[in-house]
Amino acid sequence: MSKITTELLLERAVPRSTRLRKIETLNLSKLQLKTGDLDPRLFSRLRHLQKLDLSDNLLDRFPNSLTLPDLRVLNCNNNKLEDVTALKQFPLLEELTYENNVYLTLNDDYKVMFLLQNLRLLNGKDITKLANHVRGVNSRKLTSKVTAHWEKFFHDQLPEKHTAEQVKSIKKKFLKSVQTNVVYGPSSLSEFTRWRVKMIAEEFLAYSLGLELNSDTEPEEKTDEIEEESTESPREAAEDVAQVTVTPSKRKRNRSKSNLGNKRSKTQANTEEEAAEDVSAEPLHFLQCHSKGNSREDFKTQLWSCVFEPVLDSGARKDPIVSSSRTVATCGGESVCLIDCETGTVLKKYKVATEEFFSVAWTTLTMVINDSRKKAHNILAAAGRRGIVKLIHVAADFCYGEIKAHKKPIATVCFSPTQETHLFTASYDKRIALWDIGIPDCDYNFKASQLLVLETSSIPLRIALVPTCPEQYLLAGCEGGCFVWNIKLDKGQKSRPFEAIFQFPDEESMTTSHRVDGLAFLNDDVVVSKSSKPGCIYLWSWSRSFDAKGKGSQRTMSAVILAELEWSTTDMSYLTLSTCPAKEYVFCGDEKGSVWMYSLSNYTPTWGSAKGKRSERRIAPTQILKWPELRVNREQPPEILVNNVVADPAFTYLVVLTSVNITAIWKKS
1 MSKITTELLL ERAVPRSTRL RKIETLNLSK LQLKTGDLDP RLFSRLRHLQ
51 KLDLSDNLLD RFPNSLTLPD LRVLNCNNNK LEDVTALKQF PLLEELTYEN
101 NVYLTLNDDY KVMFLLQNLR LLNGKDITKL ANHVRGVNSR KLTSKVTAHW
151 EKFFHDQLPE KHTAEQVKSI KKKFLKSVQT NVVYGPSSLS EFTRWRVKMI
201 AEEFLAYSLG LELNSDTEPE EKTDEIEEES TESPREAAED VAQVTVTPSK
251 RKRNRSKSNL GNKRSKTQAN TEEEAAEDVS AEPLHFLQCH SKGNSREDFK
301 TQLWSCVFEP VLDSGARKDP IVSSSRTVAT CGGESVCLID CETGTVLKKY
351 KVATEEFFSV AWTTLTMVIN DSRKKAHNIL AAAGRRGIVK LIHVAADFCY
401 GEIKAHKKPI ATVCFSPTQE THLFTASYDK RIALWDIGIP DCDYNFKASQ
451 LLVLETSSIP LRIALVPTCP EQYLLAGCEG GCFVWNIKLD KGQKSRPFEA
501 IFQFPDEESM TTSHRVDGLA FLNDDVVVSK SSKPGCIYLW SWSRSFDAKG
551 KGSQRTMSAV ILAELEWSTT DMSYLTLSTC PAKEYVFCGD EKGSVWMYSL
601 SNYTPTWGSA KGKRSERRIA PTQILKWPEL RVNREQPPEI LVNNVVADPA
651 FTYLVVLTSV NITAIWKKS
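If you count the sequence shown from 1, position 333 lands on 333 in UniProt numbering, and the numbers rise without skipping.
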């Protein structure tokens, strides 16, 4: 039941009133109000309200339909606001304050200055002159740049007589290109600039060229939508999975390190396949279970992350070989799925209609159940575009809580292997945060707290805790290089710069400036990383590269390269890698749907010695699993990128996540 009633509104009016329509000033501060408490039907009766105080509450956004046509003064101090664009519904607003909303930035100030034409005071300061500049000079400059970008790069790409498909394609390319390349003003306002550039570009296409605003792209997430969460039963989840069949076909031999005799294996779908000995794997299932709106025509949803569920009674932290079940959690689009790899059954499906999930991670918590007994339960953390971590008690089919970790998207999450409640979140806000998620009680009450903030100079893409000291050092592959932080909690300093940045070979010199979009440990010492250098994956020594005795922060250290793995020559980014430490394997997908597998057990003893030398030649893949010929509703899916590929610790199953909403499950035979 909402905390706001007619009686409360009449009582909190200044002065008290007997009719809602007569209220001009209303004080709703310090009521612990959440967004859902602002009932548009009730607020629509406040037709003459001019001053509204909502300070010291728990609001994270505004509903889009409060209908306060005469509102002039609004106080939102000390809330949890994440977005300001819904304030455009109050066009007569003259004074606005929203100080101490930690998620709001300078970019939001500029957004409200543009959206609210009558705004004079923002957080107590007169912004009239600056606002006029934002609405006038800034808009004209950006409009000029957007128009010039179209004329220079896209004008000649659109034929005079064009089809709907051509319009769709050109608009998509233009919107992406213009937001990336049109730059104006200081970098601190880049988010506002991108927001305005997209708005201007869409208006330009609609009015100057007659291209409809929503001809191809899906509508943006609406901040006033009530978030829809749902957990589906296995039967419901199974109904959402499209049938993807493998057409029997003769396949080319998978490239392998040596010309060993190949043996033929027959798959469940009668696909013939040739594979190198001792690494032979066959495709078991191809699932389309992350479709937007459960559409079987969805081949656009990108799948990003998967991780195998730990077995509760196996002593998971001690024996990696028996630490995982055959159940894997996958995420992409609006959903998180739990899949039985052997049967291909979607066991559970969790959806949030306004989210796009990028990362999932498991932990095992010892929780107190109703009869006061303690029991271990697996908890799944899922995060993505909204910067929110969802905490899911899988056995109970229940999302029991969320952590609003960042204002910008979360690229990846991981739990500490030694502290089961410690969760790291790496975000597009150029921060990596360490959270203690707490342990929920029998009523699922829990308390999360932020323990550390690690500052980065560029967006963190992949993170890995150092196996020999997971409570002291964290590695991150970022858009601008590979960094390490000291994360020891007894240091006292909550916000920390990086300890060191690693430099790698580049042509004939060493460089720190490169995108690192793949990062994992092969064993306690060997790090595997993939950078923007085409055709190469590096293996390097943590202990020989990092000087723990050095003093000061932000030092530059040279990575001691042990070997290079031969990989695709594509310059496509964000095709990440993974490792299977117990079996000493590295996996990485490519831009053609293939999976490159490297068995490195013959090399690791040499690398482990104190005088271990670098392998002179690039190590070729032990095998490349080629993508089979698929038919979905009798049609072949479009170009397939392998975004991620993960094996269970025993390397029984290999789960492949693609750019076309297909999860492929291979089994080692």
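No residue lacks a Cβ here, since even glycine has one placed at the ideal position from N, Cα and C.
The structure displayed is predicted, hence computed values, not measured ones.
Alpha helix (DSSP H) segment containing residue i, residue limits
{"i": "residue 11", "result": "6-12"}
{"i": "residue 197", "result": "190-203"}
{"i": "residue 110", "result": "106-115"}
{"i": "residue 132", "result": "128-133"}
{"i": "residue 175", "result": "164-181"}
{"i": "residue 562", "result": "Element bounds for residue 562: not the alpha helix (DSSP H) but the beta strand (DSSP E), 560-566."}
{"i": "residue 527", "result": "Counting along the chain, residue 527 falls outside any alpha helix (DSSP H), though it belongs to the beta strand (DSSP E) covering 526-531."}
{"i": "residue 372", "result": "Neither: residue 372 is in no alpha helix (DSSP H) and is coded neither H nor E."}
CA-to-CA distance, residue j to residue i, given in whole angstroms
{"i": "residue 344", "j": "residue 648", "result": "15 Å"}
{"i": "residue 677", "j": "residue 102", "result": "Since the displayed the chain opens at 1 and closes at 669, residue 677 lies outside it and no answer follows."}
{"i": "residue 588", "j": "residue 596", "result": "5 Å"}
{"i": "residue 306", "j": "residue 358", "result": "10 Å"}
{"i": "residue 468", "j": "residue 418", "result": "11 Å"}
{"i": "residue 579", "j": "residue 88", "result": "49 Å"}
{"i": "residue 617", "j": "residue 298", "result": "43 Å"}
{"i": "residue 276", "j": "residue 668", "result": "Interpretation of residue 276 is limited by its pLDDT of 36, a score under 50 that renders its predicted location unreliable; the figure taken from the coordinates is listed afterwards. Approximately 12 Å, taken between the alpha carbons."}
{"i": "residue 656", "j": "residue 55", "result": "48 Å"}
{"i": "residue 121", "j": "residue 90", "result": "14 Å"}
{"i": "residue 449", "j": "residue 516", "result": "29 Å"}
{"i": "residue 665", "j": "residue 72", "result": "58 Å"}
{"i": "residue 332", "j": "residue 382", "result": "10 Å"}
{"i": "residue 31", "j": "residue 11", "result": "13 Å"}
{"i": "residue 321", "j": "residue 58", "result": "Its pLDDT being 49, under 50, residue 321 is placed unreliably in this model, and the coordinates cannot settle the point."}
{"i": "residue 426", "j": "residue 46", "result": "43 Å"}
{"i": "residue 49", "j": "residue 577", "result": "57 Å"}
{"i": "residue 226", "j": "residue 549", "result": "Because residue 226 carries a pLDDT of 33, less than 50, the predicted location of this residue cannot be relied on, and the following value inherits that uncertainty. If I take the Cα positions, the gap works out to 52 Å."}
{"i": "residue 252", "j": "residue 60", "result": "Below a pLDDT of 50, predicted positions are generally treated as unreliable, and residue 252, at 34, falls in that range; the measurement from the model is reported next regardless. Distance between the alpha carbons of residue 252 and residue 60 is about 55 Å."}
{"i": "residue 188", "j": "residue 518", "result": "28 Å"}
{"i": "residue 256", "j": "residue 629", "result": "Its pLDDT being 36, under 50, residue 256 is placed unreliably by the model, and nothing is read from it."}
{"i": "residue 539", "j": "residue 476", "result": "15 Å"}
{"i": "residue 509", "j": "residue 561", "result": "14 Å"}
{"i": "residue 354", "j": "residue 474", "result": "31 Å"}
Of the residues the options, the one placed nearest residue i, counting alpha carbons only
{"i": "residue 328", "options": "669, 658, 388 and 646", "result": "646"}
{"i": "residue 181", "options": "198, 281, 301 and 37", "result": "198"}
{"i": "residue 23", "options": "423, 130, 484 and 53", "result": "53"}
{"i": "residue 400", "options": "446, 125 and 80", "result": "446"}
{"i": "residue 117", "options": "138, 123, 107 and 132", "result": "132"}
{"i": "residue 185", "options": "500, 405 and 140", "result": "140"}
{"i": "residue 479", "options": "346, 453 and 514", "result": "514"}
{"i": "residue 432", "options": "438, 84 and 412", "result": "412"}
{"i": "residue 451", "options": "389, 487 and 86", "result": "487"}
{"i": "residue 545", "options": "83, 504 and 81", "result": "504"}
{"i": "residue 574", "options": "658, 13 and 200", "result": "658"}
With 16 other Cβ atoms within 10 Å as the buried cut-off, status of residue i
{"i": "residue 482", "result": "buried"}
{"i": "residue 429", "result": "buried"}
{"i": "residue 15", "result": "exposed"}
{"i": "residue 288", "result": "buried"}
{"i": "residue 155", "result": "exposed"}
{"i": "residue 157", "result": "exposed"}
{"i": "residue 568", "result": "buried"}
{"i": "residue 462", "result": "buried"}
{"i": "residue 171", "result": "buried"}
{"i": "residue 644", "result": "buried"}
{"i": "residue 6", "result": "exposed"}
{"i": "residue 613", "result": "exposed"}
{"i": "residue 40", "result": "exposed"}
{"i": "residue 384", "result": "buried"}
{"i": "residue 123", "result": "exposed"}
{"i": "residue 397", "result": "exposed"}
{"i": "residue 109", "result": "buried"}
{"i": "residue 75", "result": "buried"}
Endpoints, the beta strand (DSSP E) within which residue i is located
{"i": "residue 517", "result": "516-521"}
{"i": "residue 597", "result": "595-599"}
{"i": "residue 368", "result": "357-368"}
{"i": "residue 579", "result": "577-580"}
{"i": "residue 455", "result": "449-455"}
{"i": "residue 484", "result": "481-486"}
Self-check item: Every unbroken alpha helix (DSSP H) inside the region 10-79 [4 residues or more]
Solution: 40-43
Exercise. Would you list, in sequence order, the uninterrupted beta strand (DSSP E) runs of no fewer than 3 residues that lie entirely inside the region 633-666?
Key: 642-647 and 653-658
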